[in-house]
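Enquirer: Residue numbers (this note's numbering): 71 to 290. I'd like to ask you about the structure that follows.
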Ligand code: BG6
Ligand code: MG
């Protein structure tokens with residue numbers, strides 16, 4: 071266990087960790103699923119968290135027991151992203167999840183290097199809306215990686231971009247795919263959400279409010 075030492079870097083997932091865009095992803099996929107005559111449930115959505123757009127549609131097709139031709143596959147991907155981008159237009163800095171700004175400030179004050187490790191190709195659009203880019207020294211998103219979480223590439227590239235070893239980094243994640251990616255990559259993994267949703271994490275907290283008080287002073 072590499073969790074009991076002071077770390078030099080923090081790698082944040084975006085959707086569901088910094089802002090509640092996981093909900094918008096879910097609503098947009100639910101609409102696509104209904105076109106495939108499938109009622110996408112919240113439980114199904116856990117399997118989509120942290121997973122790339124293409125792999126998410128593949129999972130929905132397998133849940134729906136459907137196969138489709140390439141042109142329709144492409145159209146559905148486009149439609150989903152259009153709906154998602156429409157929904158996130160309304161995001162403002164006030165939508166940062168509770169305690170996130172305080173966590174970023176805590177880390178900044180201690181000169182901890184902060185990076186993004188997200189599967190989303192829309193990450194920079196969301197960062198602009200949230201106005202948090204200045205906190206981040208490295209931005210690794212869905213445009214910078216070959217492999218989707220649970221592959222560790224996104225966090226390994228994040229650690230490298232911060233100039234740190236994986237063991238020096240803490241990952242904050244709301245998906246099992248992301249926790250697996252962090253642990254496979256050799257980082258300390260902090261899960262945000264209900265403990266029953268995760269295996270193999272080093273710590274689990276419901277949100278940053280409690281985590282900031284109890285965990286940040288231990289990890290950094
Ligand atoms: C992840 C989300 O952060 O990004 C997934 O958890 C999403 O739900 C993935 O599918 C890809 O996002 P985007 O914005 O490139 O479609
Ligand atoms: Mg997430």
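Yeah, the Cβ is synthetic: ideal placement off N, Cα and C, and Gly gets one too. A quick note: this is a predicted structure, and the numbers were derived from the prediction, not measured.
Give the single residue among 218, 285, 142 whose Cα lies nearest to the Cα of residue 246.
Expert: Looking at the Cα atoms, 218 is the closest of the given residues.
Enquirer: Is the separation between the beta-carbon of residue 81 and that of residue 229 shorter than 8 Å?
Expert: Yes; because the gap between Cβ atoms is below 8 Å, this pair is in contact.
Enquirer: Assuming residue 187 is part of the beta strand (DSSP E), what are its boundary residues?
Expert: Run containing residue 187: 183-187, per the beta strand (DSSP E) assignment.
Enquirer: Just list the beta strand (DSSP E) runs in the region 182-221, keeping only unbroken ones of 3 residues or longer that don't cross its boundaries, in chain order.
Expert: DSSP runs (the beta strand (DSSP E)) wholly in the region 182-221: 183-187, 208-210.
Enquirer: How is the alpha helix (DSSP H) around residue 243 delimited, first residue to last?
Expert: Looking at the DSSP string, residue 243 is not in any alpha helix (DSSP H); the run it does join, the beta strand (DSSP E), is 239-243.
Enquirer: Just to confirm, are residue 77 and residue 240 a CB contact at a threshold of 8 Å?
Expert: In this structure, residue 240 lies closer than 8 Å to residue 77 by Cβ.
Enquirer: Could you check the C-alpha separation between residue 204 and residue 248 for me, to the nearest Å?
Expert: So the alpha carbons of these two residues sit roughly 24 Å apart.
Enquirer: Which residue comes first and which comes last in the beta strand (DSSP E) that contains residue 82?
Expert: 79-82 is the span of the beta strand (DSSP E), which, as asked, contains residue 82.
Enquirer: Flag this pair as yes or no: are the beta carbons of residue 190 and residue 211 separated by less than 8 Å?
Expert: Result yes, Cβ atoms of residue 190 and residue 211 sit closer than 8 Å.
Enquirer: Can you grab the Cα-Cα spacing for the pair residue 281 / residue 146, in whole Å?
Expert: Cα to Cα, residue 281 sits roughly 38 Å from residue 146.
Enquirer: Counting by C-beta, which residues lie closer than 7 Å to a heavy atom of the ligand MG, in chain order?
Expert: Checking every Cβ against the heavy atoms of the ligand MG under 7 Å gives 83, 84, 85, 86, 87, 92, 119, 120, 243, 244, 245, 248.
Enquirer: Would DSSP call residue 88 helix, strand or coil?
Expert: The answer is coil: DSSP assigns residue 88 none of H, G, I, E or B.
Enquirer: Closer than 7 Å by C-beta to residue 214: which residues in its own chain qualify, once you throw out the five before and the five after it? Chain order, please.
Expert: These residues qualify, in order along the chain: 227.
Enquirer: With a threshold of 7 Å on Cβ separation, who are the neighbours of residue 110 within its own chain once the five nearest residues in sequence on each side are excluded?
Expert: Same-chain partners within the cutoff: 99, 100, 103, 130.
Enquirer: Excluding the 5 residues preceding and the 5 following residue 275 in the sequence, name in chain order all residues of the same chain whose CB lies nearer than 8 Å to its CB.
Expert: Same-chain partners within the cutoff: 260, 261, 262, 281, 284, 285.
Enquirer: Quick one: what does DSSP say residue 94 is sitting in, helix, strand or coil?
Expert: Residue state, collapsed to three classes: helix.
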